[in-house]
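Quick note on my numbering: the sequence shown kicks off at 27 and runs consecutively. The beta carbon of each residue, even a glycine, is placed where N, CA and C say it ideally should be.
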Amino acid sequence: MTRIDQKFAALKASGKKAFVSYIMAGDPDVETSLAVMQGLPGAGVDIIEIGLPFTDPMADGPTIQLAGQRALEGGMTLDKTLAMVSAFRKNDDITPIVLMGYYNPIYARGPDLFLTQAKAAGIDGLIIVDLPPEEDEELCIPAQKAGLNFIRLATPTTDDKRLPKVLQNTSGFVYYVSITGITGAAAPEAADVAPEVARIKARTDLPVIVGFGITTPEAAEAIAGIADGCVVGSAIVKDIADGKPVAEVLARVAALAAGAHRG
Numbered sequence: 027m028t029r030i031d032q033k034f035a036a037l038k039a040s041g042k043k044a045f046v047s048y049i050m051a052g053d054p055d056v057e058t059s060l061a062v063m064q065g066l067p068g069a070g071v072d073i074i075e076i077g078l079p080f081t082d083p084m085a086d087g088p089t090i091q092l093a094g095q096r097a098l099e100g101g102m103t104l105d106k107t108l109a110m111v112s113a114f115r116k117n118d119d120i121t122p123i124v125l126m127g128y129y130n131p132i133y134a135r136g137p138d139l140f141l142t143q144a145k146a147a148g149i150d151g152l153i154i155v156d157l158p159p160e161e162d163e164e165l166c167i168p169a170q171k172a173g174l175n176f177i178r179l180a181t182p183t184t185d186d187k188r189l190p191k192v193l194q195n196t197s198g199f200v201y202y203v204s205i206t207g208i209t210g211a212a213a214p215e216a217a218d219v220a221p222e223v224a225r226i227k228a229r230t231d232l233p234v235i236v237g238f239g240i241t242t243p244e245a246a247e248a249i250a251g252i253a254d255g256c257v258v259g260s261a262i263v264k265d266i267a268d269g270k271p272v273a274e275v276l277a278r279v280a281a282l283a284a285g286a287h288r289g
């Protein structure tokens, strides 16, 4: 079992929903983003998603695009992202970490070398948004063999014909994108999302976590209440972009986490 599998087993045993938070590695600098990352578990975060900055983040809205640009302008790289994870792991060997990004930097590194380095750094799972199931031999299956979960996105446009293909080699959890469009674009309604979550859960035993557009504790509670948990990214990244102190960013995270855990 990966740390992700262990975390969901523990949450299920305690009757709690998962709160997953996203930050961009190196935004606005390594020191600040590592300080935020180190504070996330204490703020109630169950799983950390860390973004790998990339020049052409096609699924991301302006908030996360700009975070990636700031990180890249500050000199953030794949190696520095892995080093940041390794630094986090020196004091936390429990909290699951999912690397979220695009395939180009991994392809440039070479999938085998990347997987070896990612595993050594302490990464537990991958979300690579531009690698469809048709390319599973490229990274998904090697990742699973290396002991990393490969987490797939399902969306409102993933119909019943497509869904089994999406779920075929997915592990860890299914990330349901609650809205059509980019990150941070709109707020999802729990009543609209619930039937879609039920449709996915009828096809898989994996936890279903809902993300995109969740910005308040109330929304986190409502969405977590109809799924196995929720993801918040843009709202946290925006606080970092606004230059709020780390303690203030983490206070916002704690409020969101509390909402999700009430779900």
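Cβ neighbour criterion (16 or more within 10 Å) applied to Gly94: Classification of Gly94: buried, given that the 10 Å Cβ count is 16 or more.
Taking Arg188 as part of the beta strand (DSSP E), name the residues at either end of that continuous run. Unbroken run through Arg188: none, as it is neither H nor E.
If we call anything under 8 Å between Cβ atoms a contact, is Ala113 one with Pro79? Contact flag unset, no.
Output the boundary residues of the alpha helix (DSSP H) element that contains Ala250. Unbroken alpha helix (DSSP H) run through Ala250: 243-251.
Please report the distance separating the alpha-carbon of Arg267 from that of Thr241. The displayed chain sequence assigns Ala, not Arg, to residue 267. Rounded to the nearest whole angstrom, the CA to CA distance from Ala267 to Thr241 is 15 Å.
Can you tell which of Leu189, Ser59, Ala281 has the C-alpha that lies nearest to the C-alpha of Lys227? Of Leu189, Ser59, Ala281, the residue nearest in Cα terms is Leu189.
If we require 3 or more residues per run, which beta strand (DSSP E) segments fall completely within the segment 53-116? Entirely contained in the segment 53-116, the beta strand (DSSP E) runs reaching 3 residues are, in chain order, 73-77.
From Pro54 to Phe34, what distance separates their C-alpha atoms? In this structure, the straight-line span from the alpha carbon of Pro54 to that of Phe34 is close to 31 Å.
For Tyr202, the residue or residues it bridges with in DSSP: Beta-bridge partners assigned by DSSP to Tyr202: Ala180, Val236.
How long is the line joining the alpha carbons of Asn175 and Thr81, rounded to whole angstroms? Approximately 25 Å between the Cα atoms of the pair.
Boundaries of the beta strand (DSSP E) in which Ile154 is found, first to last residue: Element bounds for Ile154: 151-154.
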